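Per the numbering used here, the sequence shown starts with residue 957, numbered consecutively. C-beta atoms are modelled at their ideal positions from N, C-alpha and C, and glycine is treated no differently. Note that the coordinates shown come from a computational prediction; the quantities given were computed from them, not determined experimentally. Presented below is the structure to which this report refers.
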Amino acid sequence: MFDPATASYLLGLVVAVAGGFFGAAIGGNFAFAITGITVLTSFGIYLGTDSTAGFTYLAFGPFVGPHVAFAGGVGAAAYAGRRGYADSKDATSPLARLGKPDVLWVGAAFGVFGYVVQNLITKIPWFGTHTDSVALTVVLSAVVARLVAKGSFLNPEKYNDSPSFLGKIAPTEDAAWLRYQEKAGQYLSLGAMFGLLAGGATLFIALAFPGLAATGNAQTFTFAVSAVCVMFLILGAQMPVTHHITISAGLAAVAFLPVLADNLVEGLSGTDFWDKLSSNKISLASLFDPGHASYGMLGENAKGQLMMMAIVALLVSVGVGMLAAWLAEFQARLFYNRGNTHFDPPAAAIWIANTIIVSLANIAAPLF
């Protein structure tokens, strides 16, 4: 007999077949926009039921998780290009239009690959809890997709004629990701302001509903908004691509506020900062509403310090947003611009930024 955990894993594995097929059928980027809509829906599910199943099993699981559905679309496009059916780099167009079932079944195979690999990454000692396993799986799946299409990773034969490496990989009209956010002033501005936006929204959500922060979902709200904006981009509006910025900056906010303010909740029951707030029903409502049952659990001075530390955490979000923006553009120049298949610069930025954020927060915690 199977134990519940194994049975649940196998259930997800079976569903991932359909998740990858779905992503290939409607196109990887459209599937990613559906992920964003599903994340927003999951917030409603949580508020109504206190259940995070929408996040875990729908938005970031075998149904429309980017490592399953989006990656399925990317992998299927690579295969379609190899067979001469379509552009191998087109991660947007629905592949059902080709009328080739084999293409969609390749998407299903990539869905299974993504589900298995993501699960394995989470089990790696230390690293599995210090990175974004979904984003890293999207990157690894893209590597496999390029192998399927028999493509090169760096494509040095397509480099510019320049004495410096940065000059060699600089974008050109025929080798670029997003022309309107490739210059430092462009992507750093987006990183700073979308980082501030994401940090602020995430902290508001986390402080209003600490359970969402305790379960690691508070930062996904602005990520979802950015993902929905991708829908408008692929429909023709020249939207900025920012989900790597918003998810990273939001994570920085909820990771560093506990580092800065953990001393304010000493003595309260709970395992960590956010769990203590959640377990003791301390939220924005309890901080400022004298009629709330938990109003007096934090003193007035502690409440003021908490708000000030939130501002400091926002500044960290700004810096992280700029870092994520740079990481995406740099990796676009390395792996996307001259490649023959889709390589996702945002996913590549997310897993690196996530690893840096979580690691630095853990290192900094004992210092405060």
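Output yes or no for whether 8 Å exceeds the beta carbon distance between residue 1092 and residue 1282. Cβ atoms of residue 1092 and residue 1282: not closer than 8 Å.
Enumerate in chain order the residues of its own chain whose CB-to-CB distance from residue 994 is below 6 Å, with the five nearest sequence positions on each side excluded. Non-local C-beta neighbours of residue 994 in its own chain, meaning closer than 6 Å and more than five positions away in sequence, comprise 1014, 1015 and 1020, ordered along the chain.
Nonlocal neighbours in the same chain, by C-beta distance under 6 Å from residue 1205, ignoring five residues either side: The residues are 1151, 1154, 1155, 1273, 1276 and 1277.
So, helix, strand or coil for residue 1128, using DSSP? Three-state result, residue 1128: strand.
Contact belief for residue 1029 with residue 1063 at Cβ below 8 Å, rounded distance in angstroms: Taking a contact as a CB-CB distance under 8 Å, the pair residue 1029 and residue 1063 counts as one, their CB atoms being some 6 Å apart.
Between the region 1100-1116 and the region 1286-1299, are three or more C-beta pairs nearer than 8 Å? Judged by Cβ distances under 8 Å, the region 1100-1116 makes contact with the region 1286-1299, as three or more pairs qualify.
Residue 1170 and residue 1250 look like a contact to me (Cβ under 8 Å); what is the Cβ gap, rounded to whole Å? Contact doesn't hold; Cβ gap of about 16 Å is too wide.
Does DSSP classify residue 1201 as helix, strand or coil? Helix.
Please confirm whether residue 1295 and residue 1039 have their CB atoms less than 8 Å apart. For residue 1295 and residue 1039, no; Cβs fall outside 8 Å.
Mapping DSSP to helix, strand and coil, what is residue 1219? It is helical.
Have a look at 961, 991, 1203 and 962 and flag the residue whose alpha-carbon is nearest the alpha-carbon of residue 1158. Closest by alpha carbon: 1203.
Which of the three DSSP states is assigned to residue 1005 in this structure? The answer is helix: DSSP assigns residue 1005 an H, G or I state.
Selected residue, minimal CA-CA separation from residue 1067, among 977, 1287 and 1162: Of 977, 1287 and 1162, the smallest CA-CA separation from residue 1067 is found for 977.
Under 8 Å between the Cβ atoms of residue 1097 and residue 1031? For residue 1097 and residue 1031, yes; Cβs fall inside 8 Å.
Quick check on residue 1080: does DSSP put it in helix, strand or coil? Residue 1080 falls in the coil class under three-state DSSP.
By how many angstroms is the C-alpha of residue 1239 removed from the C-alpha of residue 1160? Per the coordinates, the alpha-carbon of residue 1160 lies some 10 Å from the alpha-carbon of residue 1239.
My output table needs one value for residue 1143: the three-state DSSP class, helix, strand or coil. Residue state, collapsed to three classes: helix.
Kindly indicate the opening and closing residues of the alpha helix (DSSP H) around residue 1167. That run of the alpha helix (DSSP H) goes 1166-1170.
Mapping the DSSP letters down to three states, classify residue 982 as helix, strand or coil. The answer is helix: DSSP assigns residue 982 an H, G or I state.
Considering only their Cβ atoms, is the gap separating residue 1242 from residue 1232 smaller than 8 Å? Going by C-beta atoms, residue 1232 is not nearer than 8 Å to residue 1242.
Contact set for residue 1185: own chain, Cβ-Cβ below 6 Å, skip 5 residues either direction: Counting only Cβ-Cβ distances below 6 Å, and skipping sequence neighbours, we find 1195.
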